[in-house]
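Protein chains in written order, with the numbering used here: chain U, 1 to 254; chain B, 1001 to 1254.
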């Protein structure tokens, strides 16, 4: 009756896998039995992740790649035979008040959080549909969204715009890729203690204010999000598509 | 438990399940037992409660059953308030009488409201109070909702009214119970093939309607829903509260 989170014989690709959530997802997928292709701009980060995966007797293949470079990513995909799971994770945030958002920051964030996310998803989907037995074995794409893909938050306009966009993309993709039995979902975490968030939390006033917004009174752990991603990647969630798994301690319930 | 992947493990936990003798409730009871959880089954059919018990006990977990109509507040109250162990509630008992809005009978309205709304509220309140009284460090309540808690369907006005209500109740409870670390979520399945819905699926037009409305072109199984329930029951989802897992093959993504 209970479908376990089991990714044996699956090949997964994780972008932004060098640090934070991407790293956690890559390791969690490997722990569930998947072979993991890890991408990051920083080779030393990839080496560290590979080492951890090796220690847990998992298997990984690293590629140095900036996902905003279309051709660079496309060429890497050509080296891969098959793909069953994509964790479309690479992203960033630069908090600024709406009236003060700098043009170059808006460009940079939108190119990474939306344009690259779209391109990566499209190229990977093309690869995934090619497998002859795809309809039988299924596939799963998980976009790393955010609670800010569901509700607004001060100083986060561009990030809000990008992540609401990803929510729309996920639903559109889910409808179109259903015929190949490829499921598409998002994970919407609250603040997680990642290197990115630690930077914001140096501001204690901001940290306390954010914690007040999380009914459970704690930030998420990387393992909370990585487990949700693994659940969506596996056949445990075989009939879940075009939706979000919100991992926010109640933030958006208010 | 890996570094980043949390197990769906309910060893040592006790779950109360309403409507446990048939369909989703029975599936949830079995899945929870497979994850190591003890089962308290509430149902109205003694022979079915006994046959479920036989199955559950084979999994080497404790099984208690109580023959009771969820509408019988005093009877169920005296049972729940005496429980020595309780960590999880699967608030499942529900009903539906499909009728066109203009022709909904008074008796149907009362029946559906009593089971899907009032009994759901009362049992959630009784169980939450008991979990708090037992001084549990964590708890999880899963309300069984539906895609009709998110969108409308034909001849489903009363059902939708009650399930939208369950969605609201879930979010409200999540906020009030967060300080006790009791998480509250719902699952929103598409129309699942169960003994109760079999008569609908036997109708060709209805069967086509469900298939055409589900992009992934498969019917949700009891096991799909039971797996999500068990995930929400376990600490694998320890930061998930006040939200829904939508198990609908893309129905509501369109």
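All residues carry an ideal CB built from backbone N, CA and C; glycine is no exception.
Exposed or buried, what is residue 1250 of chain B when buried is set at 16 or more other beta-carbons lying within 10 Å of its beta-carbon?
What you label residue 1250 of chain B is simply residue 250 of the second chain in a count that begins at 1. Its Cβ being crowded by 16 or more others within 10 Å, residue 1250 of chain B is buried.
Determine, for residue 1183 of chain B, whether the minimum Cβ-Cβ distance to residues of chain U falls below 9 Å.
Locating residue 1183 of chain B in the second chain gives position 183, where the first residue counts as 1. Yes - at least one Cβ of chain U is within 9 Å of the one on residue 1183 of chain B.
Report all residues from its chain with a CB closer than 6 Å to the CB of residue 1066 of chain B; omit the five preceding and five following residues, and keep chain order.
Position 66 of the second chain, counted from the start, is the residue given in the question as residue 1066 of chain B. Once the five neighbours on either side are set aside, the close Cβ partners of residue 1066 of chain B are 1042 and 1079.
Rounded C-beta distance between residue 1245 of chain B and residue 1232 of chain B? I'm assuming under 8 Å.
Mapped onto the second chain, residue 1245 of chain B falls at position 245. Mapped onto the second chain, residue 1232 of chain B falls at position 232. That pair is a contact at about 7 Å.
Does residue 54 of chain U get closer than 9 Å to chain B when you measure Cβ to Cβ?
As a position in the first chain, residue 54 of chain U is number 54, starting the count at 1. No - not a single Cβ of chain B is within 9 Å of the one on residue 54 of chain U.
Using the three-state DSSP reduction, which class does residue 1094 of chain B fall into: helix, strand or coil?
Here residue 1094 of chain B is taken as the residue at index 94 of the second chain, counted from 1. Here residue 1094 of chain B sits in coil by DSSP.
Within 9 Å of any Cβ in chain U, is that where the Cβ of residue 1226 of chain B sits?
Taking the second chain and counting its residues from 1, the one referred to as residue 1226 of chain B is at position 226. Judged by the 9 Å Cβ criterion, residue 1226 of chain B is in contact with chain U.
List the whole-angstrom C-beta distance separating residue 162 of chain U from residue 86 of chain U, where the pair is believed to meet the contact cut-off of C-beta under 8 Å.
As a position in the first chain, residue 162 of chain U is number 162, starting the count at 1. As a position in the first chain, residue 86 of chain U is number 86, starting the count at 1. Wrong, their Cβ atoms sit about 18 Å apart, outside the cutoff.
Counting only the same chain and skipping the five closest in sequence on each side, list residues whose C-beta sits under 7 Å from that of residue 1152 of chain B.
Counting from 1 along the second chain, the entry for residue 1152 of chain B is found at position 152. Same-chain partners within the cutoff: 1160.
Put residue 1050 of chain B into one of helix, strand or coil per three-state DSSP.
Taking the first residue of the second chain as position 1, residue 1050 of chain B is located at position 50. Residue 1050 of chain B falls in the helix class under three-state DSSP.
Could one say the Cβ of residue 260 of chain U lies closer than 9 Å to chain B's Cβ atoms, at least one of them?
This structure leaves residue 260 of chain U out entirely; chain U is present only between 1 and 254.
Drop a sphere of 10 angstroms on the beta-carbon of residue 70 of chain U, count the other beta-carbons inside from all chains shown, and report buried for 16 or more, exposed for fewer.
Mapped onto the first chain, residue 70 of chain U falls at position 70. So residue 70 of chain U ends up on the exposed side.
Looking only at C-alpha atoms, which of B/1061, B/1088, B/1119 and B/1052 sits nearest to residue 1074 of chain B?
On the second chain, position 74 is the one that residue 1074 of chain B refers to. The shortest Cα separation from residue 1074 of chain B among B/1061, B/1088, B/1119 and B/1052 belongs to B/1119.
Evaluate the contact criterion for the stretch 222-232 of chain U versus the stretch 20-32 of chain U: three or more CB pairs, one atom per stretch, below 8 Å.
Short answer: they touch.
Is DSSP giving residue 1156 of chain B helix, strand or coil here?
As a working mapping, residue 1156 of chain B is identified with position 156 in the second chain. Coil.
Residues of chain B with CB under 7 Å from residue 231 of chain U, in chain order?
Stepping through the first chain from its first residue, residue 231 of chain U is reached at position 231. Residues of chain B passing the Cβ test: 1231.
My assumption, with CB atoms under 8 Å, is that residue 13 of chain U sits in contact with residue 83 of chain U. Please give the rounded CB distance.
As a working mapping, residue 13 of chain U is identified with position 13 in the first chain. As a working mapping, residue 83 of chain U is identified with position 83 in the first chain. The pair is a contact, with the Cβ atoms about 6 Å apart (cut-off 8 Å).
For residue 1020 of chain B, name the three-state secondary structure that DSSP assigns.
Within the second chain, the letter at position 20 stands for residue 1020 of chain B. Coil at residue 1020 of chain B, not helix or strand.
Name the DSSP bridge partner or partners of residue 1188 of chain B?
Reading the second chain from its first residue, position 188 is the one you call residue 1188 of chain B. According to DSSP, residue 1188 of chain B bridges with B/1246.
Unbroken alpha helix (DSSP H) runs of length 4 or more, entirely within the stretch 1065-1132 of chain B: which are they?
With a minimum length of 4 residues, the continuous alpha helix (DSSP H) runs that stay inside the stretch 1065-1132 of chain B are 1073-1080 and 1106-1113.
Can you tell me where the beta strand (DSSP E) with residue 1226 of chain B in it begins and where it stops?
Counting from 1 along the second chain, the entry for residue 1226 of chain B is found at position 226. Counting along the chain, residue 1226 of chain B falls outside any beta strand (DSSP E), though it belongs to the alpha helix (DSSP H) covering 1222-1233.
Would you mind giving the Cβ-Cβ distance between residue 1252 of chain B and residue 1144 of chain B, rounded to the nearest angstrom? I have them listed as a contact below 8 Å.
Here residue 1252 of chain B refers to the residue found at position 252 when the second chain is read from its first residue. Here residue 1144 of chain B refers to the residue found at position 144 when the second chain is read from its first residue. The pair is not a contact, with the Cβ atoms about 16 Å apart (cut-off 8 Å).
Mind listing which residues of the stretch 4-16 of chain U have their C-beta closer than 8 Å to chain B's C-betas, in chain order?
For the stretch 4-16 of chain U, which is checked against every Cβ of chain B, the residues closer than 8 Å are 4 and 5.
For residue 224 of chain U, return the contacting residues in chain B, with the cut-off set at a CB-CB distance below 7 Å.
The residue you call residue 224 of chain U lines up with position 224 of the first chain. Within chain B, the residues near residue 224 of chain U are 1238 and 1239.
Please name the residue, chosen from B/1021, B/1040, B/1036 and B/1138, that lies closest to residue 1082 of chain B on a Cα-to-Cα basis.
Looking up residue 1082 of chain B in the second chain gives position 82. Of the listed residues, the one whose Cα sits closest to residue 1082 of chain B is B/1040.
Which of the residues in the stretch 143-175 of chain U, read from start to end, lie with their CB under 7 Å from any CB of chain B?
Listed by position along the chain: 171, 174 and 175.
With a threshold of 9 Å between beta carbons, is residue 1175 of chain B in contact with chain U?
Residue 1175 of chain B sits at position 175 when you count from the first residue of the second chain. True, the Cβ-Cβ gap to chain U drops below 9 Å.
List the residues of chain U whose Cβ lies closer than 8 Å to the Cβ of residue 1004 of chain B, in chain order.
To locate residue 1004 of chain B, count along the second chain from 1; it is residue 4. Simply 24, 25, 27, 28, 31, 222, 223, 226 and 227.
Based on the DSSP output, what are the partners of residue 144 of chain U in its beta bridges?
By 1-based counting over the first chain, the position of residue 144 of chain U is 144. U/187.
Are there 16 or more other CB atoms within 10 angstroms of the CB of residue 209 of chain U, so buried, or fewer, so exposed?
Looking up residue 209 of chain U in the first chain gives position 209. Exposed, since its Cβ has fewer than 16 Cβ neighbours within 10 Å.
Check whether the Cβ atoms of residue 142 of chain U and residue 88 of chain U lie closer than 9 Å to each other.
On the first chain, position 142 is the one that residue 142 of chain U refers to. On the first chain, position 88 is the one that residue 88 of chain U refers to. Cβ atoms of residue 142 of chain U and residue 88 of chain U: closer than 9 Å.
Can you say whether residue 1163 of chain B is buried or exposed, counting buried as having 16 or more other CB atoms within 10 angstroms of its CB?
Working through the second chain from its first residue, we reach residue 1163 of chain B at position 163. Label assigned to residue 1163 of chain B: buried.
Strictly below 7 Å CB to CB, what residues from chain B border residue 1 of chain U?
Working through the first chain from its first residue, we reach residue 1 of chain U at position 1. Those are 1027, 1030, 1031, 1034, 1223 and 1226, listed as they occur along chain B.
List the residues of chain U whose Cβ lies closer than 8 Å to the Cβ of residue 1216 of chain B, in chain order.
The count along the second chain starts at 1 and reaches residue 1216 of chain B at position 216. The answer, in chain order, is 178, 181, 183, 239 and 241.
Helix, strand or coil, according to DSSP, for residue 22 of chain U in the structure here?
The count along the first chain starts at 1 and reaches residue 22 of chain U at position 22. Here residue 22 of chain U sits in helix by DSSP.
Smallest Cα separation from residue 1125 of chain B: which of B/1096, B/1036 and B/1091?
Counted from its first residue, the second chain places residue 1125 of chain B at position 125. It is B/1091.
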